């Protein structure tokens, strides 16, 4: 199991409310535990699951925001979770 603590920060004038998180369907299909919190400056997420699925979720999270024209900084901390 892998645990990722992720923070997305908007680069432009928009706030974190403009950023895309992971949809519930994606989380269910990939059997991921997910905790979401929006602060005044970032979208904060904890994702726990199999290594492949967590990496897939991180890629999806970043690419989905880029696909919608959102410039983001993504800071991630990974830990082995037993």
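Residue numbers (the numbering used here): 257 to 338.
The C-beta atom is built at its ideal place from N, Cα and C for all residues, glycine as well.
Since this is a predicted model, take the numbers as computed values, not measurements.
Residue i versus residue j: straight-line alpha-carbon distance, rounded
i, j, result
"residue 279", "residue 318", "13 Å"
"residue 310", "residue 260", "7 Å"
"residue 331", "residue 303", "13 Å"
"residue 315", "residue 284", "17 Å"
"residue 312", "residue 282", "10 Å"
"residue 296", "residue 262", "15 Å"
Best match in the options for proximity to residue i [C-alpha to C-alpha]
i, options, result
"residue 308", "271, 336, 263", "336"
Which residues DSSP lists as bridging residue i, in chain order
i, result
"residue 268", "For residue 268, which the question treats as bridged, DSSP gives no partner whatsoever."
Assumed close pair residue i, residue j - CB separation to whole angstroms, cut-off 8 Å
i, j, result
"residue 286", "residue 305", "7 Å"
"residue 334", "residue 258", "6 Å"
Contacts around residue i, its chain only, beta-carbon distance under 8 Å, and the 5 residues preceding and following it disregarded
i, result
"residue 277", "292, 299, 301, 317"
"residue 270", "326"
Cβ-based neighbour list, residue i, same chain, cut-off 6 Å, excluding 5 preceding and 5 following
i, result
"residue 272", "294, 298, 299"
Cβ shell of residue i (< 7 Å), same chain only, five flanking positions each side left out
i, result
"residue 267", "327, 328, 329"
"residue 275", "264, 266, 299, 321, 326, 328"
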